[in-house]
Amino acid sequence: MFSFILLAASACKKDDKPPKEPIDYMVQAIPDIHALFEDHVDLINAMDTLLHFGDNPPQLTKLIVDTSDKHLDTLLGFCNDSLVLKKYHQIDTTATYRPPELIRGTYQFLFDKQHRGVASLNFRSINYDNGPDDHYIESASRQDSVFIMGEKPFFTIYFFQKLKKDLVVPGYHPQDVGAKEAFIISGEVTTNGIKDLYIGFKVYGYDIPTSAGIGGLNIGDIIIYYRDFMPFTYWDPTPKYTN
108 MFSFILLAAS ACKKDDKPPK EPIDYMVQAI PDIHALFEDH VDLINAMDTL LHFGDNPPQL
168 TKLIVDTSDK HLDTLLGFCN DSLVLKKYHQ IDTTATYRPP ELIRGTYQFL FDKQHRGVAS
228 LNFRSINYDN GPDDHYIESA SRQDSVFIMG EKPFFTIYFF QKLKKDLVVP GYHPQDVGAK
288 EAFIISGEVT TNGIKDLYIG FKVYGYDIPT SAGIGGLNIG DIIIYYRDFM PFTYWDPTPK
348 YTN
């Protein structure tokens, strides 16, 4: 009887332990947005209820398999023009420069290598493109340092980028000041594109600091733009100018 009691007690003690889960070495823990943007909490606060949290974000690109020939599968990004200014937090209220209420140029995003909340990015904004001698195109790219959270179909993307400004007008090619930006993008993925896309960013530095606030944004300015829908479409991030 005594042995039976000991055996029963041992069995109960063993059952009280939680089952040991197998270790998944492939899990990638993305940095918490508050930790990554610890110096830019004002941008997080500006986005506020537009943020979508979770560890099951949707795919931000669409893969098209062309079976008509043997060329590679096509990865679609999303783009559109006519972005509407929703919020502008101006550090220096006496500054004369204001961002446009409506961006008529085309914003293009191509997210690649998305895996467990991490991705790469190609970004391009074509304000106008009249050829090699007359264009205004902004671009940026990030490799394996774009972070995505959310629960399908809603997402939030956050990352840092250095904006490359390529502005050429006849007889004038101004120097690129090298704007450094903290970025947050949120929206909803649908079958054909991105719905209710919000693009928020904060300028936190320039390669040429004396250029801050001169014909552009001051360091610390926060801007949020909105587009009701951006369709999935193909675009090649390499070529820049019209023929």
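First residue of the sequence shown: 108, per the numbering used here; consecutive thereafter. Think of the CB as a built atom: it goes at the ideal place given N, C-alpha and C, for glycine as much as any other residue.
TODO: Go ahead and pull the three-state DSSP assignment for D155.
DONE: helix
Open item on the list: Taking the alpha-carbon of I331 as reference, which of F308, G323, Y313, I315 has the nearest alpha-carbon?
Closed with: F308
Open item on the list: For V134 and N237, I'd like the C-alpha separation in whole angstroms.
Closed with: Because the pLDDT at V134 is just 49, under 50, the model does not fix this residue reliably, and the point stays unresolved.
- [ ] With a threshold of 16 other CB atoms inside 10 Å of the CB of N229, please say whether the residue is buried or exposed.
- [x] buried
Task: contact_flag[the segment 160-167, the segment 243-258] where n(CB pairs < 8 Å) is 3 or more - done: yes
Open item on the list: With H, G and I counted as helix, E and B as strand and the rest as coil, what does DSSP make of H222?
Closed with: strand
Task: The alpha helix (DSSP H) enclosing H280, as first and last residue numbers - done: Note, H280: premise wrong, no alpha helix (DSSP H); not H, not E.
Task: Per-residue burial, Y214 [other beta carbons within 10 Å of its own, 16 or more giving buried] - done: buried
Task: Assigned secondary structure, P338 (DSSP; H/G/I helix, E/B strand, else coil) - done: strand
Open item on the list: Given a cut-off of 8 Å on the beta-carbon distance, is the pair I292 and I306 in contact?
Closed with: yes
TODO: Measure the C-alpha to C-alpha separation of A153 and L270 and round it to an integer number of angstroms.
DONE: 21 Å
Task: Residue nearest to S252 in terms of C-alpha spacing, selected from A226, D240, L167 - done: A226
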